[in-house]
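J.: Residue numbers (the numbering used here), protein chains in the order written: chain A, 342 to 744; chain B, 2 to 263.
For each residue, glycine too, the CB sits at the ideal point set by N, CA and C.
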């Protein structure tokens, strides 16, 4: 409390121009930057997995299971930054119990549960059920029990049952794609629907959030796939990686065009808020927007991935470039969220001035807490990969033919 | 005899079971279908006409009468236990100074509680005035619209309140208020805002900031009563709300509002 007030006094001394007195404090800090970032990674990873399933792009098979498990790992922590930033975290359940339906935020719990329960868990369950039954027979002790419990004590792995799993899994995927779009488009709506804030209030916001989500999710799976292959000392499937890179390029291009369109629209219309936003972008957001999001997170990846569509250098170079590019894109999208969330609060709604952002190391809104919510999904993912290794799945088609 | 009666019984129960399922399907289906569409009513919040059939509070502030003494901001803090630090205000005063070169200077040191010093030399000033700010008690409040649990609500007589025992402290309403009238109480962790001193209104008293104003720049009255003081204020002055383009249904009307005020 004392520290908080001290920080606010420091911020007060740095205020430029005029801000409403209640605006000196930034209300949404790094945790709310993480929230759309993490849900975006989920939606993106899921959509990559769905490409394989719906469009039967079997080249992407090596990343299918990985993408699903990545989506689940991040989905499980997606609500944590939200809950931990609340003034009254113990009342968080009220959103589910008494949702106020005119609030975009109230629907989050339901969208989240739908996506987690109906889409992600079901799809993974149908995909792994047969393997879990097989693994349960091959293992002992606690692992055996886990497989049995996770497969809900089902044992039927006859071709007919497996075919039904596949069919139902496919239906879930078909429902899942619009759900993933809904999940992240909806997160964009939370910001885009705030008419008080001209930096947020644009109908393009849900669409921009969606495409940047897909970009970040694909980049994440790409990065994890490369790193995991190195750790496991397995050969990377280059055909798969090249195809992922191609999709990444296309979607990044769409994302870039949409965001560019949004900015052009703002500049052309130059409404009342134009001046304050113009100075925001070239002042407080210059590094995070032009350097980190724009140059490193968008232009460089577009140029490298774009070049690879025409010229294909050696495998070794491509791998290295993919590794760096996916990391850059992840940083770029993170700062896109930063620029939206933090940027949208740095200027006053009076349009007469700017406050500044101060973030500490410790505390519920500090760097450490944020780091925790980024690291935890990777720990969950490691566990899931140990429990449900996609590379140990048996080829169903081969088995069915054998039968 | 016994056989036929048991068949009859069975037959009877079969019909009733079918009926039960029929009716059940109808009810469950009906609920399911309507519940699919109910959430979409939420979209209509700001596009519906404001309510207010009975008493409907409206506020008038006469900028030409405000002398910038800051007593209103101070009285509000004292009356409502608003933290004294200069980051938390339910009510504050801004000083606008428009210079000869057209540039605009807005100041509100400690919300105007300690009074104002004009920092611009007289010869450079085109015009200067004070603008008292407070919650606009909007009829289509963006803050009420976005509250995920309904802790912020509009009373039947048009006052926007917060139930602090219910607020989860998500700060969405703070983001949604175009006028900067909300803050998170540093000790409570919940949102706080002007309540129009409803505890005083209930006793037949004026809100603290209204009562203390030495020039009677503030007027509170019933917009639905044609003979009320607020309606005569609106009739006799050219009044305007702040940020009318946002269509928040603001019920805080300013006389002599300059277009620079935001």
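(1) Let me know the secondary structure DSSP gives residue 93(B) once reduced to three states.
(2) Between residue 734(A) and the rest of its own chain, which residues show a CB-CB distance below 7 Å, the 5 nearest in sequence each way excluded?
(3) Flag this pair as yes or no: are the beta carbons of residue 549(A) and residue 599(A) separated by less than 8 Å?
(4) Can you tell me which of the three DSSP states residue 435(A) falls into?
(5) Less than 8 Å between C-beta atoms, sequence neighbours within five positions excluded: which residues of the same chain meet that for residue 373(A)?
(6) Could you pull the start and end residues of the alpha helix (DSSP H) that residue 557(A) belongs to?
(7) Using a 10 Å radius around the Cβ and a threshold of 16 neighbouring Cβ atoms, would you call residue 635(A) buried or exposed?
(8) Which chain B residues are close to residue 427(A), counting only those with a beta carbon under 7 Å from its beta carbon?
(9) Since residue 89(B) contacts residue 262(B) with CB under 8 Å, what's their CB separation in whole angstroms?
(10) Could you give the distance in angstroms between the alpha-carbon of residue 127(B) and the alpha-carbon of residue 676(A)?
(11) In the DSSP output, which residue or residues are listed as bridge partners for residue 241(B)?
(12) Under 9 Å, CB to CB, which of the residues in the region 350-382 of chain A have a partner in chain B?
(13) Within 8 Å of any Cβ in chain A, is that where the Cβ of residue 17(B) sits?
(14) Taking only three categories from DSSP, how would you classify residue 184(B)?
(15) Rounded to a whole number of angstroms, what is the C-alpha to C-alpha distance between residue 385(A) and residue 557(A)?
(16) In terms of DSSP beta bridges, what is residue 105(B) paired with?
(17) Going by DSSP, what residues sit across from residue 61(B) in a beta bridge?
(18) Within its chain, find whatever has a CB closer than 7 Å to the CB of residue 531(A); leave out the 5 residues flanking it on each side and keep chain order.
(19) Run through DSSP, which three-state label would residue 746(A) get?
(20) Spell out the partners DSSP gives residue 126(B) in its beta bridges.
(21) What is the DSSP secondary structure of residue 43(B), reduced to helix, strand or coil?
(22) Does the beta carbon of residue 42(B) sit closer than 8 Å to a beta carbon anywhere in chain A?
(23) Tell whether a beta-carbon distance below 8 Å holds between residue 650(A) and residue 587(A).
(24) From the DSSP output, in three-state form, read off residue 612(A) for me.
(25) For residue 133(B), which three-state DSSP category applies?
(26) Report the start-end ranges of each alpha helix (DSSP H) in the region 675-716 of chain A that is 4 residues or longer and not cut off at the edges.
(27) Considering Cα atoms alone, identify which of 83(B), 178(B), 130(B) and 149(B) is closest to residue 167(B).
(28) Are the C-beta of residue 3(B) and some C-beta of chain A separated by less than 8 Å?
(29) Taking 7 Å as the limit between beta carbons, can you name the residues of its chain near residue 51(B), skipping five residues before and five after?
(30) Counting only beta-carbon separations shorter than 8 Å, does residue 697(A) have a partner in chain B?
(31) If distances are taken between C-alpha atoms only, which option among 670(A), 612(A), 462(A) and 539(A) comes closest to residue 592(A)?
(32) May I ask you to list the residues that DSSP assigns as paired with residue 161(B)?
(33) Please report the distance separating the alpha-carbon of residue 739(A) from that of residue 594(A).
(34) Per DSSP, residue 506(A) forms a beta bridge with which residues?
(35) Name the chain A residues that come within less than 8 Å of residue 30(B), Cβ to Cβ?
(36) Name the chain B residues that come within less than 8 Å of residue 309(A), Cβ to Cβ?
T.: A quick look at the data gives this:
(1) strand
(2) 406 and 472
(3) Yes, the Cβ-Cβ distance between residue 549(A) and residue 599(A) is below 8 Å.
(4) helix
(5) 422, 423, 426 and 682
(6) 546-572
(7) buried
(8) 169, 170 and 171
(9) Their Cβ separation, rounded to whole angstroms, is 22 Å, which puts residue 89(B) and residue 262(B) out of contact at 8 Å.
(10) Roughly 43 Å separates the two Cα atoms.
(11) 255(B)
(12) 350, 352, 353, 358, 359, 360, 361, 362, 363, 364, 365, 366, 368, 369 and 373
(13) no
(14) strand
(15) 6 Å
(16) Answer is 99(B).
(17) 220(B) and 254(B)
(18) 445 and 446
(19) Any property of residue 746(A) remains undetermined from this structure, which presents chain A solely from 342 to 744.
(20) 100(B)
(21) Under the three-state reduction of DSSP, residue 43(B) is assigned to helix.
(22) Residue-level contact check: residue 42(B) touches chain A, since one or more beta carbons of chain A fall below 8 Å from its beta carbon.
(23) yes
(24) Three-state result, residue 612(A): coil.
(25) Strand at residue 133(B).
(26) 684-687
(27) 149(B)
(28) Note that residue 3(B) scores 45 on pLDDT, short of 50, meaning its location in the model is unreliable; the coordinates nonetheless yield the value given after this. False, the Cβ-Cβ gap to chain A never drops below 8 Å.
(29) 140, 141 and 250
(30) no
(31) 670(A)
(32) 155(B)
(33) The predicted position of residue 739(A) is uncertain, since its pLDDT is 49 and thus under 50; no value can be drawn from it.
(34) According to DSSP, residue 506(A) bridges with nothing at all.
(35) For a Cβ distance threshold of 8 Å, nothing in chain A lies close to residue 30(B): the least Cβ distance comes to about 20 Å.
(36) Chain A is shown from 342 up to 744; residue 309(A) falls before or after that span and cannot be answered.
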